[in-house]
Amino acid sequence: MAEGTTPTSSLAENKVRLPLIALIGPPNSGKTTLFNHLTGLRQKVANYPGVTVEKYVGQVQCDRERTVELIDLPGVHGFSARTLDERVTRDVLEGHVEDLPAPDAVVLIVDCTRLESQLMLVEPVLKLEIPTLLVLNMWDELEERGGNLNEMELADLLGVEVVKTNARVGLGVERVKEFLSGVEVSERGLPPPVRVLSNVPRGVPLPMIDAFTARRRRLDKVVDRASFVSPGPARPTDALDAVFLHRIWGPLVFLTVVVVVFQSIFTWAVPLMDGVELLITSSGEWLASRLADGWFRSLLIDGVWAGVGSVVVFLPQILILFLFLGILEDSGYMARAAVIADRVMYRVGLQGRAFLPLLSGYACAIPAILAARTVEDERDRLATIFITPFMTCSARLPVYALLIAAFIPEGRLLGPFLGYRAAVLLGLYGLGIVAAVVTAFLLKRTLLRAQPGSFVMDLPSYRLPSARSIGLRLLDRSKIFLRRAGSIIFAVAIALWVLTQFPRTDAGPPLIEDSALGRMGQVIEPAIEPLGFDWRIGVGLVTSLAAREVIVGTLGTIYGVEDSTDDSITLQETLRRDLTLPAAIGLLVFFAFALQCMSTVAVMRRETGGWKWPILQFSYMLFLAYSGAFIAVRLF
Amino acid sequence: MGLTAPKSISSLPKDEAGSELRLGDIPLSQTVELVRIDLPAERAEPLLERGMLPGCRICPVRSSPAGDPIVSVDGSLLALRRETANCLCVRLLSDVS
Chain A
1 MAEGTTPTSS LAENKVRLPL IALIGPPNSG KTTLFNHLTG LRQKVANYPG VTVEKYVGQV
61 QCDRERTVEL IDLPGVHGFS ARTLDERVTR DVLEGHVEDL PAPDAVVLIV DCTRLESQLM
121 LVEPVLKLEI PTLLVLNMWD ELEERGGNLN EMELADLLGV EVVKTNARVG LGVERVKEFL
181 SGVEVSERGL PPPVRVLSNV PRGVPLPMID AFTARRRRLD KVVDRASFVS PGPARPTDAL
241 DAVFLHRIWG PLVFLTVVVV VFQSIFTWAV PLMDGVELLI TSSGEWLASR LADGWFRSLL
301 IDGVWAGVGS VVVFLPQILI LFLFLGILED SGYMARAAVI ADRVMYRVGL QGRAFLPLLS
361 GYACAIPAIL AARTVEDERD RLATIFITPF MTCSARLPVY ALLIAAFIPE GRLLGPFLGY
421 RAAVLLGLYG LGIVAAVVTA FLLKRTLLRA QPGSFVMDLP SYRLPSARSI GLRLLDRSKI
481 FLRRAGSIIF AVAIALWVLT QFPRTDAGPP LIEDSALGRM GQVIEPAIEP LGFDWRIGVG
541 LVTSLAAREV IVGTLGTIYG VEDSTDDSIT LQETLRRDLT LPAAIGLLVF FAFALQCMST
601 VAVMRRETGG WKWPILQFSY MLFLAYSGAF IAVRLF
Chain B
637 MGLTAPKSIS SLPKDEAGSE LRLGDIPLSQ TVELVRIDLP AERAEPLLER GMLPGCRICP
697 VRSSPAGDPI VSVDGSLLAL RRETANCLCV RLLSDVS
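What follows is the structure, given as structure tokens:
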């Protein structure tokens with residue numbers, strides 16, 4: 001590709017593309033709010049190879065004729081590439097991302113109530129030498145708190161266009177659109193040959209701290225000449241912090257928030273999940289009644305409908321979790337929660353920022369691992385990613401629910417509050433936490449050994465979250481989740497069904513133990529015999545590598561096919577007949593530890609940039625799962 | 637302010653040299669100037685990017701429940717760890733005059 005482009009690629013280069021504008025800014029400057037205002041629903045979540053972090057690209061209709069593309073980059077404080085977010089932002093701005101042209105213009109948004117420190121991004125951005133718009137967001141708050149600024153003077157001094165906005169209510173957004181409509185596709189071709197966005201000026205081997213100080217001095221002069229009056233203290237934020245960061249109330253509020261989030265996932269989500277399940281089963285039955293009995297109906301209903309349906313059921317739970325996380329983040333409370341959690345995390349060897357990914361891990365490890373990108377220290381981020389799959393994700397719940405209902409008797413352990421079943425469930429959650437804590441402790445003393453990092457957390461002003469912004473994010477989450485269910489789970493469901501249907505016998509499909517799937521189970525049976533599992537569980541363990549909850553559907557299929565003569569026996573009863581109580585507990589322990597989720601492994605590989613960590617993690621968790629189950633079987 | 641400051645100096649703990657104050661030693665609401673960051677470059681960088689540069693003014697505004705400092709710099713609120721705050725050398729503003 002170095003010399004002489006192929007005809008196809010030159011064609012692609014000549015193809016008319018829309019002007020691409022990068023939207024950047026520090027965290028909490030209102031970047032995504034502005035993005036949502038500009039793009040509305042015309043946005044898509046994109047993954048780019050290599051860096052592969054979720055990036056948001058949307059189209060902006062400036063006027064009847066002009067449409068431009070806007071890319072929402074992660075919030076950054078600088079371009080040192082110390083964090084993954086900074087690296088992504090830098091690579092996109094410098095045009096180092098495959099399949100993405102270098103942007104034709106930049107919109108830099110800052111929170112003008114903290115103008116001096118936020119403007120530190122201006123100088124490096126200007127080095128890109130492309131049209132730049134500086135958006136002074138939260139102008140209303142600046143004025144309310146008695147601050148002021150001559151924005152025309154600032155524009156002159158910096159040599160960029162400046163717009164005042166209040167993105168939350170959409171004030172000034174039209175002016176931003178005007179700027180966007182003037183951007184043309186640049187013909188610069190190749191990106192600059194060297195890194196332009198470094199924090200240290202090129203050719204000058206200044207110590208970093210001096211480079212920063214020099215830049216800051218120049219900025220201070222600019223801000224002074226633009227007659228910036230810094231705003232007074234943010235009174236509501238002060239008053240709220242007096243409670244949320246109070247020595248006694250602070251931790252109490254924190255615990256209440258955690259309890260409410262959990263309660264909502266496990267209690268309030270249930271009716272919604274029942275609703276979705278009813279929808280899936282009734283639509284499946286309706287469909288079955290319309291189709292002639294045969295292999296196609298079997299594939300569609302027993303394979304696809306049941307397989308995909310068993311995963312889609314979790315959508316309400318995941319959405320409720322993300323609704324809460326969205327509110328907590330947008331209101332500014334999440335930063336306070338991270339501060340409160342920091343001391344506990346610090347003792348384990350992590351930091352407060354790990355709190356958000358770990359909490360998300362209770363819904364699903366995949367978004368949680370992506371959320372770990374905000375952890376600034378690379379070792380801390382790796383450790384956080386490594387322990388996230390120990391958090392009991394919602395995919396383990398159906399497995400736990402089935403086995404507990406089948407083997408643990410109802411009965412009260414502690415008066416009316418805690419029954420045996422609830423206690424076992426709590427114990428499994430506890431098991432995950434203990435494993436996570438011990439693992440983090442070990443990691444930070446071996447592979448990821450480091451001096452404790454300098455934890456700095458920005459505490460943004462409290463703001464009322466916008467329903468529109470959270471709604472758009474939930475929509476995104478649903479799309480991503482359903483896409484996953486529609487691809488991986490769909491494929492597994494079909495593969496499973498096919499494996500139960502072959503080799504064919506004269507009478508049609510084979511007995512399950514003679515089928516390809518059954519034989520696969522028998523091959524691994526010797527390995528799992530010490531745990532008290534037979535080949536049926538073995539098949540379930542293999543198929544649940546696609547997603548943990550698949551084991552429920554698989555066992556359903558296996559026993560369903562096996563007992564097709566007797567419909568009245570439920571899966572629970574069949575399991576009780578086939579599995580001893582110690583083996584059932586062993587299976588529960590196995591699922592508490594094992595990394596039975598290929599999607600997580602794939603995300604791990606992307607986020608850690610190689611196979612080393614995912615392989616290590618998978619083997620480690622499998623080892624824990626096997627030995628844990630081995631011990632459990634002998635203990636009970 | 638100018639009159640009350642000397643009184644608070646004597647009540648503040650100092651290190652062995654008797655001349656250097658650390659941000660971690662500063663009581664709430666006492667604005668100080670940052671003199672030096674005693675941290676290796678890569679660990680100082682997050683501080684620098686957020687405006688904590690030598691010469692800037694820092695004011696501890698409250699403590700976290702665990703006793704870590706929360707400070708105001710350039711109109712931003714930042715939460716630090718005690719360990720980090722103890723690596724930041726500061727001086728009282730009255731020392732300058």
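Just so you know, the sequences run in chain order A and B.
Quick note: the first sequence uses the numbering used here, first residue 1, plus one each step.
Quick note: the second sequence uses the numbering used here, first residue 637, plus one each step.
All C-beta atoms in this analysis are idealised placements derived from N, C-alpha and C, irrespective of residue type, glycine included.
Beta strand (DSSP E) segment containing residue i, residue limits
i      : result
P251/A : Run containing P251/A: none in the beta strand (DSSP E); it sits in the alpha helix (DSSP H), 249–263.
I24/A  : 20–24
D72/A  : 67–72
D458/A : 457–459
Cβ-based burial, residue i [other Cβ within 10 Å; buried from 16]
i      : result
N36/A  : buried
R634/A : exposed
I631/A : exposed
G628/A : buried
E69/A  : buried
T570/A : exposed
N137/A : buried
R686/B : buried
P696/B : buried
Y626/A : buried
L255/A : exposed
G275/A : exposed
Nearest candidate by alpha-carbon position, reference residue i, set the options
i      : options                        : result
D578/A : C597/A, F591/A, I558/A         : I558/A
G309/A : N148/A, G284/A, G508/A, P231/A : G284/A
A435/A : P460/A, G419/A, G471/A, F386/A : F386/A
R396/A : D91/A, P503/A, A450/A, L425/A  : L425/A
G40/A  : S469/A, C364/A, V260/A         : S469/A
V550/A : L402/A, E513/A, I524/A         : L402/A
I327/A : L356/A, W305/A, V492/A         : L356/A
A516/A : F455/A, T543/A, R90/A, L300/A  : T543/A
S461/A : S331/A, S264/A, R605/A         : S331/A
The ligand NAP heavy atom lying under 7 Å from the CB of residue i
i      : result
R217/A : Among the components of this structure there are no ligands whatsoever, and the ligand NAP is therefore not found.
Partners in chain C for residue i, counting only beta-carbon separations shorter than 8 Å
i     : result
H77/A : Among the protein chains of the structure shown, namely A and B, there is no chain C.
Strand pairing of residue i, partner residues [DSSP]
i      : result
L474/A : None; L474/A has no bridge partner.
V707/B : P696/B, L714/B
L108/A : I24/A, L134/A
R672/B : C725/B
E161/A : L133/A
R658/B : C725/B
T505/A : G508/A
G352/A : Answer is none; G352/A lacks a bridge partner.
G419/A : R412/A
L323/A : Bridge partners of L323/A: none, in fact.
Q61/A  : T67/A
Element boundaries [alpha helix (DSSP H), containing residue i]
i      : result
T32/A  : 31–39
V229/A : Segment: none, V229/A is in no alpha helix (DSSP H) and carries neither H nor E.
M391/A : It is not in any alpha helix (DSSP H) - M391/A carries neither H nor E in the DSSP assignment.
F151/A : Per the sequence shown, residue 151/A should be read as Glu rather than Phe. Looking at the DSSP string, the run of the alpha helix (DSSP H) that includes E151/A is 151–158.
D274/A : 269–290
Y626/A : 612–635
S117/A : 115–118
A658/A : With chain A covering only 1 through 636, there is no way to say anything about residue 658/A.
Q596/A : Q596/A -> no alpha helix (DSSP H), and no H or E assigned at all.
M345/A : 333–348
W535/A : 535–543
S310/A : 306–312
E549/A : Where E549/A is concerned, there is no enclosing alpha helix (DSSP H), given that its DSSP letter is neither H nor E.
T446/A : From DSSP, T446/A is part of no alpha helix (DSSP H); its letter is neither H nor E.
L240/A : 235–244
P682/B : 677–685
*Would you check if the segment 309–319 of chain A and the segment 476–485 of chain A touch, i.e. whether three or more CB-CB distances between them fall below 8 Å?*
yes
_When you compare the segment 231–240 of chain A with the segment 120–132 of chain A, are there three or more beta-carbon pairs, one atom per stretch, that lie closer than 8 Å?_
no
_Three-pair Cβ contact test at 8 Å for the segment 403–415 of chain A versus the segment 334–352 of chain A_ = no
*Between the segment 610–629 of chain A and the segment 579–597 of chain A, do three or more beta carbon pairs fall short of 8 Å?*
Contact between the segment 610–629 of chain A and the segment 579–597 of chain A is established, with three or more Cβ pairs separated by less than 8 Å.
*asked:* Assess contact between the segment 143–155 of chain A and the segment 173–183 of chain A, defined as three or more Cβ pairs (one per stretch) separated by less than 8 Å. Is contact present?
replied: no
*asked:* Does the contact criterion of 3 or more C-beta pairs under 8 Å hold for the segment 179–187 of chain A versus the segment 75–93 of chain A?
replied: The segment 179–187 of chain A makes no contact with the segment 75–93 of chain A, as fewer than three CB pairs between them are under 8 Å.
*If we count Cβ pairs, one from each stretch, closer than 8 Å, do we get three or more for the segment 502–509 of chain A versus the segment 518–527 of chain A?*
no
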